[in-house]
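First the structure, in the form of structure tokens, and then the observations on it.
And the structure:
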């Protein structure tokens, strides 16, 4: 678990375990769905942008984990 301070709580810490990814095809499909869902959001809506950023961060982590798994575990 990463250290927490009152000034900063990380979205994802370097020691946090990564969830087991789905197949690359499923991860890509989920990423496309999130992109479609967030494309029309109001860029001036802080809550919407925060939700979009977190959702896309998680999806990108899933895609990269699926790629690493498909390639035999290489990556970070």
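Numbering (the UniProt record's numbering), first residue to last: 1 to 76.
Here a beta-carbon is modelled for each residue, glycine too, at the ideal position from N, C-alpha and C.
| Asked | Found |
| --- | --- |
| Stretch pair the stretch 32-45 + the stretch 63-72: three plus CB contacts closer than 8 Å | no |
| Assigned exposure category for residue 70 - 16 Cβ within 10 Å defines buried | exposed |
| Residues near residue 55 by beta carbon distance below 6 Å, same chain, minus five either side | 34 |
| Secondary structure of residue 44, DSSP reduced to three states | coil |
| Residue interval of the alpha helix (DSSP H) (run including residue 24) | 24-38 |
| Selection from 53, 68, 18, 59 that minimises the alpha carbon distance to residue 29 | 59 |
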